[in-house]
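Numbering (my numbering), first residue to last: 2 to 191. Input: a single structure, listed below in structure tokens.
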Ligand SMILES: CC(C)(COP(=O)(O)OP(=O)(O)OC[C@H]1O[C@@H](n2cnc3c(N)ncnc32)[C@H](O)[C@@H]1OP(=O)(O)O)[C@@H](O)C(=O)NCCC(=O)NCCS
């Protein structure tokens, strides 16, 4: 199996990371989706406060080949403060992509675990995502009802609203609206 190296995203990788997302989503879901996700990533990088965004990359571990193989972003999800212990913060995983020819080799799951461990070490308590429960259940996510925690926008696929606790505490009901960062605050992604 291909050996990979996982690390934190840095700003000088913006172009290669944006290109990766554009290409992977164009190949899996068509040109328009590729453009939409590429511009989402660019907007996340350029409009999100530093402490509200974490990005990670996977590269080939070979000394003669440091190709970018995958990338993932997590951004803040703002929950109603009055219904949460003050220190408990939440992030949304979105988006994640693995180079088309490298998919199915475990890179996506390794990237997600790596990102989650990093967020845990920063004291993050809850991680949400919106996607295929079949895939995300492999990395600890479970469906969550909006009666427990509302999604920040209207969901076209409510079964795709997923969460996991990473601080050992239960996911308690959180009253009130939630808010995502500006880049994700667009109904076309939900
Ligand atoms: C989804 C994605 C990130 C997964 O990364 P990956 O490296 O291919 O996945 P892994 O090899 O770690 O895991 C593969 C497992 O997940 C499953 N899986 C992969 N993509 C899936 C998908 N879109 N839906 C459901 N299951 C999926 C595979 O069936 C496989 O299951 P198995 O181990 O039981 O055989 C990658 O396939 C990708 O970039 N897809 C296109 C973009 C995308 O859909 N991104 C996610 C939405 S933001």
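Glycine included, C-beta positions come from ideal geometry on N, C-alpha and C.
With a beta-carbon spacing of about 14 Å, residue 92 and residue 115 fall beyond the 8 Å limit used to define contacts. Inside the region 59-119, DSSP marks whole beta strand (DSSP E) runs of 3 or more residues at positions 69-79 and 90-99, from first to last along the chain.
Check the Cα spacing between residue 157 and each of 132, 107, 90 and 20: the tightest is with 132.
In summary, residue 59 is buried, with 16 or more beta-carbon neighbours lying within 10 Å of its beta-carbon over all protein chains present. Contact between residue 98 and residue 72 holds, since their C-beta atoms are separated by about 6 Å, short of 8 Å. For residue 140, the CB contacts under 7 Å within the same chain, skipping 5 residues up- and downstream, are 110, 113 and 114 in chain order. A Cβ closer than 7 Å to some heavy atom of ligand 1 marks a residue here, and those residues are 25, 26, 29, 71, 95, 96, 97, 98, 99, 103, 104, 105, 106, 107, 108, 109, 110, 111, 132, 133, 135, 136 and 139.
Below 8 Å, enough C-beta pairs join the region 36-50 and the region 10-18 to call them touching: three or more. Separation of residue 152 and residue 179 (C-alpha to C-alpha, rounded to the nearest whole angstrom) is 6 Å.
Look at residue 39 here: in three-state DSSP terms it is helix. The Cβ neighbour count for residue 56, taken over all protein chains shown within 10 Å, is at least 16; the residue is labelled buried.
By the Cβ neighbour-count rule, residue 124 is exposed, with fewer than 16 other Cβ atoms within 10 Å of its own.
Around the beta carbon of residue 163, 16 or more other beta carbons lie within 10 angstroms, which makes this residue buried. Under the three-state reduction of DSSP, residue 177 is assigned to coil, being neither helix nor strand. Straight-line spacing of the CA atoms in residue 176 and residue 80 works out to 8 Å. Its chain contains 55, 75, 92, 128 and 167 as the residues whose beta carbon lies nearer than 8 Å to that of residue 120, once the 5 sequence neighbours on both sides are disregarded; these appear in chain order.
Cβ contact annotation for residue 188 (same chain, cutoff 8 Å, sequence separation greater than five): 154 and 155, in chain order.
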